[in-house]
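According to our numbering, the sequence shown holds residues 2 to 482 in order.
Note that CB positions come from ideal geometry on N, CA and C, so glycine has one too.
Here the structure comes first, spelled out in structure tokens, and everything after it is commentary.
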Amino acid sequence: MKRILNFIDGQFRPPCSGRYLPNLNPATGQVIAEIPESGPEDIDAAVAAASRAFESWRRTPAEERSRLLIRVAELIEENFDELAQLESEDSGKPIALARRIDVPRAIHNFRFFATAILHAETPCHMTDDRALNYTIRQPLGVAGLISPWNLPLYLLTWKIAPAIAAGNCCVAKPSELTPLTADRLAELTLEAGIPPGVVNIVHGPGGSAGRALTSHPNVPLISFTGGTKTGADVMARAGPLFKKVSLELGGKNPNIVFADADLEQAVATSIQSSFANQGEICLCGSRLFIEKTIYEEFVDRFLGATKKLRIGDPQDASTDVGALVSEPHLRKVEGYVELAREEGGTILVGGKRPENLPERVQDGYFLEPTVIAGLDCQRRVMQEEIFGPVVTVTPFDSPEDAIAYANSTRYGLSASVWTQDLQKAHRVAAAIETGTVWVNTWLLRDLRVPFGGMKESGVGREGGFESLDFFTEAKNVCVKL
Ligand code: NAD
Numbered sequence: 002m003k004r005i006l007n008f009i010d011g012q013f014r015p016p017c018s019g020r021y022l023p024n025l026n027p028a029t030g031q032v033i034a035e036i037p038e039s040g041p042e043d044i045d046a047a048v049a050a051a052s053r054a055f056e057s058w059r060r061t062p063a064e065e066r067s068r069l070l071i072r073v074a075e076l077i078e079e080n081f082d083e084l085a086q087l088e089s090e091d092s093g094k095p096i097a098l099a100r101r102i103d104v105p106r107a108i109h110n111f112r113f114f115a116t117a118i119l120h121a122e123t124p125c126h127m128t129d130d131r132a133l134n135y136t137i138r139q140p141l142g143v144a145g146l147i148s149p150w151n152l153p154l155y156l157l158t159w160k161i162a163p164a165i166a167a168g169n170c171c172v173a174k175p176s177e178l179t180p181l182t183a184d185r186l187a188e189l190t191l192e193a194g195i196p197p198g199v200v201n202i203v204h205g206p207g208g209s210a211g212r213a214l215t216s217h218p219n220v221p222l223i224s225f226t227g228g229t230k231t232g233a234d235v236m237a238r239a240g241p242l243f244k245k246v247s248l249e250l251g252g253k254n255p256n257i258v259f260a261d262a263d264l265e266q267a268v269a270t271s272i273q274s275s276f277a278n279q280g281e282i283c284l285c286g287s288r289l290f291i292e293k294t295i296y297e298e299f300v301d302r303f304l305g306a307t308k309k310l311r312i313g314d315p316q317d318a319s320t321d322v323g324a325l326v327s328e329p330h331l332r333k334v335e336g337y338v339e340l341a342r343e344e345g346g347t348i349l350v351g352g353k354r355p356e357n358l359p360e361r362v363q364d365g366y367f368l369e370p371t372v373i374a375g376l377d378c379q380r381r382v383m384q385e386e387i388f389g390p391v392v393t394v395t396p397f398d399s400p401e402d403a404i405a406y407a408n409s410t411r412y413g414l415s416a417s418v419w420t421q422d423l424q425k426a427h428r429v430a431a432a433i434e435t436g437t438v439w440v441n442t443w444l445l446r447d448l449r450v451p452f453g454g455m456k457e458s459g460v461g462r463e464g465g466f467e468s469l470d471f472f473t474e475a476k477n478v479c480v481k482l
């Protein structure tokens, strides 16, 4: 069994506590590795290493930083199969998905920010003929990066790449549930020639290692992706220290289908936005609102497509739906199915653990894709993030109703709108309170666009130059003429 170590100052080190936590494969329930139970002392050591490395990394020319980041991208590419395999074993996601999304996007993250820093510009303002103002952007120092388990390598690299491209050093704390690809990434940064201390990775629970990072006085910047409740704790600790904070949090995303939509595409893509990665993507559309005149036809087709999804061994290339990440998480999701019944909802399909799973994965944490009807928007099942393969379907009468339903939660991460009427699409997109609105698509990502949530789905934007802005401090220099 693999014993994972912390990666500090270019070396793999045991945790100061000497204690380890088990890491499970959620498809089998078997322990596959153990990870350091790190705490404040480990974070201290990593922050000290990052602070030392910062002195020379901040002065390393952008071209050289770019070259090193591109080398990391190449190494991820060279180890594509192994990383996809590790990601699938660690998180329960279908290997086909890890190959299609997680690993390619990790490569893209490094390539994108490696080249973005070669094209960054800063403004210059003439104050009549009295002064010349120019802006310089400088890295802050040690960036604290905390990431979740649902897209482990993808979201970790989404933070590490811009942080170090901009000239910061970093201490990253991946989710304790999915440490394997972070550990492999540490090795690849070493192989790429990233200097010791520029990237540090400390494993362990959020309550000890994560909190030590968010409250560390020498970490001026925190980029956090995870649950909304945890985000509040991160903010509460980082706030009094006046850290720069970016929070990418939970979602309860609406998927609105108008009667004039291309129904075939709307159904096919809604299946993806409902059940991809077992519904464990913050951007999954978990509330489907369907215009009343096509409600029955849409639901018929949607249920038919749901029943065809293949649930099974994530290692099987033909599997569509894998295992949920852990037993407690499976119980939580099942609890919401139960709650839906108590709230008066009808389970149209799914709602139980699948039968006839292959022998290897009989003890895994699987749940059938589940569709629930008959709940009004104020019910808890319609308000709270479930983060599993569970969606609700609700009819609506008018665009105004659809907008009101979409905006009826505390979340505001993303939405999809399906219509062939462009005027309506623009009007509805402008009225929805989310950071992203997709029209006639879902999860189509361009790294240049701003990404983030409104309301309780987050604070700040990352993506493209927004990320480089976040990971640098703007300074105005005013020269009297
Ligand atoms: P989580 O909040 O439990 O954990 C996220 C990370 O924070 C983990 O590394 C964890 O160890 C750490 N952590 C936990 N408590 C902490 C604390 N008190 N201080 C500092 N760090 C702490 O979230 P999760 O269960 O890993 O991930 C699922 C959640 O993430 C969902 O709500 C999902 O919507 C959200 N998410 C959001 C986005 C986005 O871009 N908005 C992307 C992916 C996931």
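Identity of the residue in the options nearest residue i by Cα
i, options, result
"residue 246", "285, 386, 403 and 146", "146"
"residue 48", "407, 404, 218 and 395", "218"
"residue 82", "453, 356, 185 and 329", "185"
"residue 290", "374, 213 and 263", "374"
"residue 29", "51, 5, 94 and 70", "94"
"residue 61", "139, 276 and 358", "139"
"residue 51", "261, 221 and 232", "221"
"residue 445", "293, 106, 78 and 348", "106"
"residue 273", "263, 256 and 260", "256"
"residue 244", "143, 6 and 343", "143"
"residue 201", "416, 233, 6 and 313", "6"
"residue 327", "31, 11 and 2", "31"
"residue 258", "35, 79, 442 and 26", "442"
"residue 111", "78, 127, 70 and 79", "70"
"residue 283", "365, 385, 366 and 127", "385"
"residue 193", "319, 74 and 242", "74"
"residue 470", "41, 250, 160 and 149", "160"
"residue 423", "440, 174 and 341", "440"
"residue 250", "412, 339, 343 and 394", "412"
"residue 321", "310, 380 and 431", "310"
"residue 300", "389, 241 and 264", "264"
Per-residue DSSP class, three states only, for residue i
i, result
"residue 292", "strand"
"residue 334", "helix"
"residue 192", "helix"
"residue 255", "strand"
"residue 307", "helix"
"residue 318", "coil"
"residue 182", "helix"
"residue 351", "coil"
"residue 425", "helix"
"residue 2", "coil"
"residue 110", "helix"
"residue 61", "coil"
"residue 137", "strand"
Own chain, CB closer than 8 Å to residue i, minus 5 neighbours either side, in chain order
i, result
"residue 131", "481 and 482"
"residue 350", "304, 307, 308, 369, 370, 371 and 372"
"residue 236", "246, 248 and 460"
"residue 38", "16, 18, 20, 21, 22, 205, 206 and 209"
"residue 67", "115, 116, 118, 119 and 166"
Alpha-carbon to alpha-carbon, residue j and residue i
i, j, result
"residue 428", "residue 400", "9 Å"
"residue 456", "residue 228", "13 Å"
"residue 281", "residue 113", "25 Å"
"residue 129", "residue 141", "32 Å"
"residue 404", "residue 433", "6 Å"
"residue 408", "residue 230", "20 Å"
"residue 226", "residue 103", "16 Å"
"residue 376", "residue 266", "25 Å"
"residue 324", "residue 27", "6 Å"
"residue 277", "residue 190", "30 Å"
"residue 86", "residue 197", "27 Å"
"residue 254", "residue 285", "6 Å"
"residue 35", "residue 252", "31 Å"
"residue 12", "residue 260", "58 Å"
"residue 381", "residue 341", "8 Å"
Same chain only: Cβ atoms within 7 Å of residue i, ignoring 5 sequence neighbours per side
i, result
"residue 239", "215, 223 and 246"
"residue 199", "54, 58, 165 and 170"
"residue 387", "287, 334 and 337"
"residue 44", "172, 203, 210, 213, 214 and 217"
"residue 84", "77, 104, 154, 182 and 185"
Own chain, CB closer than 6 Å to residue i, minus 5 neighbours either side, in chain order
i, result
"residue 89", "96, 99 and 315"
"residue 451", "462, 464 and 467"
"residue 136", "123, 124, 475 and 477"
"residue 396", "291, 293 and 296"
"residue 355", "312, 367 and 369"
"residue 91", "179 and 181"
"residue 9", "46, 47, 50 and 201"
Chain D within 8 Å of residue i, Cβ atoms only
i, result
"residue 452", "Annotation note: the requested chain D is absent from the structure, which comprises a single protein chain."
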